[in-house]
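Undergrad:
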Amino acid sequence: METNPSRPIALLKGSVLIAFPVAFAVLFFYHPLIEIFRVSFSELFGKAEIDWGRVFSVFRFTAFQALLSTVLTILLGLPAACIFGRYRFLGKRFLNALFSIPFILPTIVAATAFNALIGPKGWINLLMMKLNGLATPPIRAFGTLQIIIVAHIFYNISIVIRMVSAAWSGLDTRYEEAGRVLGCSGWTTFRKVVFPLLRPTLQSAALIVFLFDFTSYGVVLLLGGGAFRTVEVDISQQALMFLNLPMASTLSILQLIVTLGITLLDQLSSKTIAALRIPRVRGENQRKIQGFGSRLWISLYLFGLILFLGLPLIALVTRSFYLLPAEAERLGGNAGWTLTFFKQLFINERKSFFYVPPLMALVNSLAVGIGVGVLATLTGGLIVFAENRFPWTRRLEWLFMISIGTSAVTLGLGYLIAFRSQIRNPLLIVAAHGLIALPFAIRSLKPAFSAIPLSLRQSAAVSGANPFRTFLMVELPLMKNGLIPAFVFSMTISLGEFGASSFLSSPERPTIPIAIYRYLGQPGAKNFGQAMALSTILLLLCMLSVLAPELPANDRS
């Protein structure tokens, strides 16, 4: 195997393999970012002025809500991480999968789920209005900071549970036992022994959660009711509503600096975690729950967590199938359980020329998702294959992984500036979604490719097989466990992507998240019900994709 970069043939072969990924990244990632810098700096040195007071105000609020969301997510997720990391109990694998579902949901679905639960027409308000004889909803959660924080916790708590429980299960229990022998209380043992060992993992989990909260777009846009502006929301408003591209570009650059800094800190934390990690036999440090008191509080806590994570999803699905009496009068149906909202998806009652059947939005999303799955898997496969065969190409990996620290809204703005004349070309959505999914595809493919023994390739070569035939007959079948998750996960990311799509989706070819957003933005029971129905369809699509047996549930985390 050729591994010496000084050899011209090895250099040439590696260059051929890595050429398409590099060209793809340069054209569809770095070129748009350079255009954002160009527009921003031309404005900074021009005559017009940037509203720096607004910039600082937006960043201050964004950082505040992200920090508050992160702290509360860590505090609420830490007990679950302890339970999953330290104990064995019936239903553990099922609960682990259940608690992962909110994180893989599109933001548009998560926001719609909270609308179905606690919104003006949500189940809780409807129940309280009926019990108390009220004419208006008593709970007005929308447009408040509290609902945004709750949604962020709902969305990101599985990150804390998965990362910290994995680290907790790998800790040597002898340290804790030694602390107890020396007379330390449970709290002292945790504070002096366990917490310092978990600190790198907690830091990494906190940085990832903060990054997602800092770049939150759909949740703030849909649940904030226009009362709150995070950086993402303001970039969108400046570009699409006020047509102020220089201001949007300035916000994007400042946000990019912050997110890349957070990503770098996370990489440093990950190296510390890898250095501290000790291989353990699965379940080696886990024990059964002992004592009635421990069983009681763990049961109550897990039940509360199930309600917190499950009720919004149950509310969404049930609300899409239930027609209220007042809604039945307007829509001409029978109140109760019905398929009315799903049937209404295909009826253009207003005979609007711009009406696009939701079935077409579904077809558009699936077509884009399949294209993204193929693109991200193919590009990631070339990168991983080149790195495995020609180690000098590993120096280029940062070119592709840096997109993980770039928000989808920033990417959409870059496309709006760089490809203005072709902005409605559907291939741009495929390219944007492909770049968002590429780091995750690479992470799915790397372990599968690295697990192929070198001896198999050598045996095939000795048998007379050329490199292409060796790859086709030996390596490709063994990479199935990485290829299928990479494709499915990339497709799932595309199905729910909302930030870049809000810049690139055309009115006649909307994706499902854009169609849901349109329905939620229009008054009336019919539009509300159609948003519920479409969100349920998207929820089922994402769950079917991610719960496929081939897909490791912790790849995104």
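Taking my numbering, the leading residue of the sequence shown gets 14, the next gets one more, and so forth. Heads up, the beta-carbon is just placed ideally off N, CA and C, and yes, glycines get one too. Quantities reported herein were computed from a predicted structural model and do not represent experimental measurements.
Taking only three categories from DSSP, how would you classify residue 420?
TA: coil
Undergrad: Return yes when the Cβ of residue 127 is within less than 8 Å of the Cβ of residue 452, no when it is not.
TA: Going by beta carbons, residue 452 and residue 127 fall outside the 8 Å limit.
Undergrad: Would you decide whether residue 541 is buried or exposed? Buried here means 16 or more other CB atoms lie within 10 Å of its CB.
TA: buried
Undergrad: Do the CB positions of residue 512 and residue 230 come within less than 8 Å of each other?
TA: Less than 8 Å separates the beta-carbon of residue 512 from that of residue 230.
Undergrad: Within 8 Å, do at least three Cβ pairs link the region 83–102 to the region 160–179?
TA: The region 160–179 is in contact with the region 83–102.
Undergrad: Using 10 angstroms around the beta-carbon of residue 356, count the other beta-carbons present and answer buried if the total reaches 16, otherwise exposed.
TA: Residue 356 comes out exposed.
Undergrad: Nearest by alpha-carbon distance to residue 505: which of 181, 259, 158, 552 is it?
TA: 552
Undergrad: Out of curiosity, what's the CA-to-CA distance linking residue 496 and residue 78?
TA: 37 Å
Undergrad: Assign residue 422 to buried or exposed, taking buried as 16 or more other Cβ atoms, counted over all protein chains shown, within 10 Å of its Cβ.
TA: buried
Undergrad: Please classify residue 539 as buried or exposed, where buried requires at least 16 neighbouring CB atoms within 10 angstroms.
TA: With 16 or more Cβ atoms within 10 Å of its Cβ, residue 539 is classed as buried.
Undergrad: What whole-angstrom Cβ distance do residue 322 and residue 115 have, given they're in contact under 8 Å?
TA: 6 Å
Undergrad: Spatial neighbours of residue 375 within its chain, please: C-beta separation below 8 Å, excluding the five flanking residues on both sides.
TA: Contacts found: 525, 550.
Undergrad: On the CB-based measure, 16 or more other CB atoms within 10 Å of its CB, does residue 434 come out buried or exposed?
TA: Burial call: exposed.
Undergrad: Could you check whether residue 211 and residue 181 sit closer than 8 Å to each other, using their CB atoms as the reference points?
TA: yes
Undergrad: For the region 296–359, list the alpha helix (DSSP H) runs that are entirely contained and at least 4 residues long, ordered along the chain.
TA: Counting only runs of 4 or more, we get 305–333, 338–344, 353–357.
Undergrad: Would you give the residue range spanned by the alpha helix (DSSP H) that residue 504 belongs to?
TA: 493–509
Undergrad: Can you give me the C-alpha to C-alpha distance between residue 175 and residue 312, rounded to a whole angstrom?
TA: 19 Å
Undergrad: Between residue 457 and the rest of its own chain, which residues show a CB-CB distance below 7 Å, the 5 nearest in sequence each way excluded?
TA: 495, 498, 499, 502, 568
Undergrad: Quick one: what does DSSP say residue 522 is sitting in, helix, strand or coil?
TA: strand
Undergrad: For residue 37 and residue 459, what's the separation of their Cα atoms in angstroms?
TA: 20 Å
Undergrad: Taking 8 Å as the cut-off, decide whether the C-beta atoms of residue 517 and residue 445 are in contact.
TA: yes
Undergrad: If residue 75 sits next to residue 232, beta carbons under 8 Å apart, how far is it from one beta carbon to the other, in whole angstroms?
TA: Actually they are not in contact, since the Cβ atoms of residue 75 and residue 232 sit about 12 Å apart, beyond 8 Å.
Undergrad: Alpha carbons only, please: which of 377, 80, 111, 125 is nearest the one belonging to residue 235?
TA: 125
Undergrad: Using only the alpha-carbon positions, how far apart do residue 275 and residue 202 sit?
TA: 31 Å
Undergrad: Evaluate contact between the region 381–399 and the region 220–227, counting only Cβ atoms and requiring at least three cross-stretch pairs below 8 Å.
TA: no
Undergrad: For residue 230, name the three-state secondary structure that DSSP assigns.
TA: Here residue 230 sits in coil by DSSP.
Undergrad: For residue 214, is the classification buried or exposed, using 16 other Cβ atoms within 10 angstroms of its Cβ as the cut-off for buried?
TA: Buried, because 16 or more other Cβ atoms sit within 10 Å of the Cβ of residue 214.
Undergrad: Between the C-alpha atoms of residue 4 and residue 537, what's the straight-line distance to the nearest angstrom?
TA: Outside the shown range of the chain (14 to 570) lies residue 4, about which nothing can therefore be said.
Undergrad: If you count every other CB in all the chains shown that lies within 10 Å of the CB of residue 347, and 16 or more means buried, which is it?
TA: exposed
Undergrad: Starting from residue 449 and walking both ways along the alpha helix (DSSP H), at which residues does that stretch end?
TA: 439–463
Undergrad: Just checking: is the beta-carbon of residue 336 within a distance shorter than 8 Å of some beta-carbon in chain B?
TA: Of the protein chains in this structure there is only one, and it is not chain B.
Undergrad: In angstroms with no decimal places, state the Cα-to-Cα distance between residue 99 and residue 172.
TA: Our two residues, residue 99 and residue 172, have alpha carbons roughly 17 Å apart in a direct line.
Undergrad: When burial is assigned at 16 or more other CB atoms within 10 Å of the CB, is residue 160 buried or exposed?
TA: buried
Undergrad: Could you give the residue range of the alpha helix (DSSP H) that holds residue 405?
TA: Here residue 405 belongs to no alpha helix (DSSP H), and DSSP marks it neither H nor E.
Undergrad: Applying the criterion that 16 or more other CB atoms from any shown protein chain within 10 Å of the CB defines a buried residue, is residue 194 buried or exposed?
TA: Exposed, because fewer than 16 other Cβ atoms sit within 10 Å of the Cβ of residue 194.
Undergrad: Residues in its own chain within less than 6 Å of residue 289 by CB, not counting five upstream and five downstream?
TA: A caution first: residue 289 carries a pLDDT of 49, below 50, which makes its placement in the model too unreliable to give a value.
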